[in-house]
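Here is the structure we will look at.
Residue numbers (our numbering): 119 to 319.
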């Protein structure tokens, strides 16, 4: 830990459809545990000093939001002074993926047009889960691929595309490392000169 007198701050707000895994993502990162059952938006705002580079610390402020209908008037209260927006979707919910374009991106741009966006695919562990795959097949659907996520990030000019599993904790640290660097204006894309659509995993 470092003294916080001159420590940088980064406010990260997570948005996306209900039940895509936003709260699980934040709890897994902040507390190192996975919730046993789904309870809509139980995560309290969380502040922590994070060493994002060797001997460089930032106070990371994580904000959860409710994605369900009926919260449209309450959710914008989370946006002011945000440094980065994490737009989340479930890799096994094509509807939540489509809503990134039609619901969440327009909402974010309406309230914080200049705040950079990181697109985040969640529940990657279920891409290979047979029950999930069969359930999607019955609906004429299939899991969202990494490439589809990268393409949408490019289309929306997001600063980066990341994906992870809160259940297995795979790539969790990378999601927030990327969000911090984007929020501080220190992110460098691993490929693609525009800096969009990059998977850092």
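Ideal placement from N, C-alpha and C gives every residue a C-beta, glycine not left out.
Contact between the segment 279 to 291 and the segment 234 to 249 is established, with three or more Cβ pairs separated by less than 8 Å. Residue 147 sits in a helix when the DSSP states are folded into three classes.
Around the beta carbon of residue 289, a 10 Å sphere encloses 16 or more other beta carbons of the protein chains shown; the residue is thus reported as buried.
When the Cα atoms are used, residue 174 and residue 125 turn out to be separated by approximately 8 Å. By the beta-carbon neighbour count (other beta carbons within 10 angstroms, threshold 16), residue 201 is buried. For the set 206, 229, 244, 137, the Cα lying nearest the Cα of residue 219 is the one of 206. By the Cβ test, the segment 170 to 188 is in contact with the segment 295 to 305, since at least three Cβ pairs between them sit closer than 8 Å. Checking the DSSP bridge columns, you'll see residue 238 partnered with 206, 280.
Considering only 269, 213, 292, the residue with the shortest C-alpha distance to residue 257 is 213. Annotation: the continuous beta strand (DSSP E) that includes residue 169 extends over 164 to 171. Residue 255 counts as exposed, since fewer than 16 other C-beta atoms from the protein chains shown sit within 10 angstroms of its C-beta. According to the DSSP assignment, residue 174 belongs to the beta strand (DSSP E) that extends over 174 to 181.
CA-CA distance, residue 135 to residue 267, rounds to 16 Å. Residue 276 and residue 249 have their C-alpha atoms spaced approximately 32 Å apart. With fewer than 16 other Cβ atoms from the protein chains shown falling within 10 Å of its own Cβ, residue 156 counts as exposed. Residue 307 and residue 145 have their C-alpha atoms roughly 27 Å apart.
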